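Report on the following structure.
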Ligand code: 13P
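In our numbering, the protein residues as written are 119 to 385.
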């Protein structure tokens, strides 16, 4: 069975609550005008067509989760968060837990984003704990991995990817891994306007799939989704998504504009 494509919007620390709601309204209108035949909504086909083959996930800031949840009701758009703590509750001022995100209507959570690693000192060990907490609470994890420019230039890309993947997935079993999506996000391509070429991304995705085959088995490695993130926009999405091992996109900057994001989803 072909892997379902997943297009996720990572808004990062952007958009007020009214801006988030207005995005969803505009996005629904933009996507409605699509000519792509497989866009349908089973409950209300005329009102809002969303592909049954693909998944769209919006990850707004925490403050907007509730209003976005209301705005996407009746559509097949899914809600995701951008981070969480690994504990379920307690004295962790300023943090949010997996059960709280479930409560808020999230189905997905982004974990291990390079901005979390760089600015908040998240290690693979912490990310591993977060993944376990997410899965325990029935959240699907979008696990981000990727090398810096310096690492790429010194030919360390594969070693870095292997290290991050093995350590983030430590003691995640064959059942649990099915609820994880891997996002390959080369740090040098994030927010720089300089995306990896489809060939560069495909090479790493194929490498990740090979690692997953060794860590798990061929079935798991063939079914798991590996999405690409790093300066994806409406112009380069088609070429990237056409690659055999690229199963979707994690979009930052271009996901802030409803028209651009709709065009990427329609790709
Ligand atoms: P940009 O699309 O802005 O490069 O951000 C990518 C990203 O970090 C998605 O998580």
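Positions of the beta carbon are idealized from the N, C-alpha and C atoms, including for glycine.
Note that the structure is predicted; figures quoted are calculated from it, not measured.
- At least one heavy atom of ligand 1 sits closer than 7 Å to the Cβ of residue 128.
- A check of alpha carbon separations from residue 144 across 313, 181, 296, 186 identifies 186 as the nearest.
- According to the DSSP secondary-structure assignment, residue 124 is paired through a beta bridge with 173, 366.
- When the beta-carbon positions are compared, residue 366 and residue 345 come within less than 8 Å of each other.
- Taking 7 Å as the cut-off, the C-beta of residue 350 counts as close to a heavy atom of ligand 1.
- Using a cutoff of 7 Å, the CB of residue 369 counts as near ligand 1, since one of the ligand's heavy atoms is closer than that.
- By the CB criterion at 8 Å, residue 316 and residue 381 fall outside the cutoff.
- Sequence-distant partners of residue 242 (beyond 5 residues in either direction) whose C-beta falls short of 7 Å from its own C-beta, in its chain, are 282, 285, 286.
- At a cut-off of 7 Å, the beta-carbon of residue 303 counts as near ligand 1: some heavy atom of the ligand is closer than that.
- In this structure residue 384 is not in contact with residue 350, their Cβ atoms being roughly 14 Å apart against a cut-off of 8 Å.
- In this structure, residue 231 has its beta carbon less than 7 Å from a heavy atom of ligand 1.
- With fewer than 16 other Cβ atoms inside 10 Å of its own Cβ, residue 211 counts as exposed.
- Residue pairing by DSSP places residue 198 opposite 226 in a beta bridge.
- Cβ-Cβ distances below 8 Å link residue 258 to 225, 226, 227, 252, 297, 298, 299 in the same chain, with the five nearest sequence neighbours on each side left out; the list follows chain order.
- Excluding residues up to 5 positions away in sequence, 349, 370, 371 lie with their Cβ nearer than 8 Å to the Cβ of residue 309 in the same chain.
- Along the length of the stretch 267-348, whole alpha helix (DSSP H) runs at least 4 residues long occupy 267-271, 275-286, 316-333, 336-341, reported in chain order.
- Bridge partners of residue 261 according to DSSP: 229, 300.
- Remark: the shortest separation between the CB of residue 347 and any heavy atom of ligand 1 falls under 7 Å.
- In the DSSP assignment, residue 139 falls within the alpha helix (DSSP H) that extends over 135-150.
- Remark: C-beta atoms of residue 347 and residue 303 approach each other more closely than 8 Å.
- Collapsing the DSSP output to three states places residue 210 in coil.
- For the pair residue 261 and residue 279, the CB atoms are not nearer than the 8 Å cut-off.
- The residues 385, in chain order, have a CB closer than 6 Å to that of residue 359 in the same chain once the five nearest residues on each side in sequence are set aside.
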